[in-house]
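In the UniProt record's numbering, the protein residues as written are 1 to 154.
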């Protein structure tokens, strides 16, 4: 049995910061390579508090908290993002990710969100205005307006 510390939610096992024992193969072949866990050691156990604090700052506690976050997000207006594109082209090199959207929200003075609350069905690969849904709570959804601008690629 291997003693590990989870860094993210793992179904039927635990949440971030939990110290669990799993079979060696499961830890070595699945959890560790994907970054879902780290090997438990004295130094790593000190990091458990940091992991839990980071998760707590992103966690939406209840319905009222979700409504507050929704009001804050709606007050931001259109979220400004930039992506690399060829001169005169509206097509981006690559796409805009959920992580980039969350970072842009934070940069514009919005709350720190977990990127998993965003519903990116289609990749954003063009310059212009886009819309993304965020599920903050089972009863609270918010429609985020994004404005993607091109930056010349060198």
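Note that the Cβ used here is the ideal one computed from N, Cα and C, for glycine as well.
Non-local C-beta neighbours of residue 93 in its own chain, meaning closer than 8 Å and more than five positions away in sequence, comprise 83, 84, 85, 86, 153, ordered along the chain. The beta-carbon separation of residue 148 and residue 66, rounded to 26 Å, does not stay under the 8 Å limit for a contact. Around the CB of residue 132, 16 or more other CB atoms lie within 10 Å, so the residue is classed as buried. Under the rule that a run must span 4 or more residues, the alpha helix (DSSP H) segments found entirely inside the region 56-96 read 63-76. Between residue 129 and residue 146, the CB-CB gap stays under 8 Å. Between the C-alpha atoms of residue 34 and residue 25 there is a straight-line separation of about 13 Å.
Nearest in C-alpha terms to residue 2, of all of 52, 9, 8, 31, is 31.
Counting only runs of 3 or more residues that sit fully inside the region 15-62, the beta strand (DSSP E) segments are 19-22, 37-39, in chain order. Distances from the CA of residue 11 to each of 36, 28, 122, 137 were compared; the closest alpha carbon is that of 36. Residue 17 sits close to residue 48, with the two beta carbons spaced by under 8 Å. Its chain contains 9 as the residues whose beta carbon lies nearer than 6 Å to that of residue 15, once the 5 sequence neighbours on both sides are disregarded; these appear in chain order. Residue 115 is positioned such that its CB atom lies no closer than 8 Å to that of residue 104. In the structure shown, residue 109 falls within a coil segment according to DSSP collapsed to helix, strand and coil.
Here residue 151 is exposed. Its C-beta has fewer than 16 other C-beta atoms within 10 Å.
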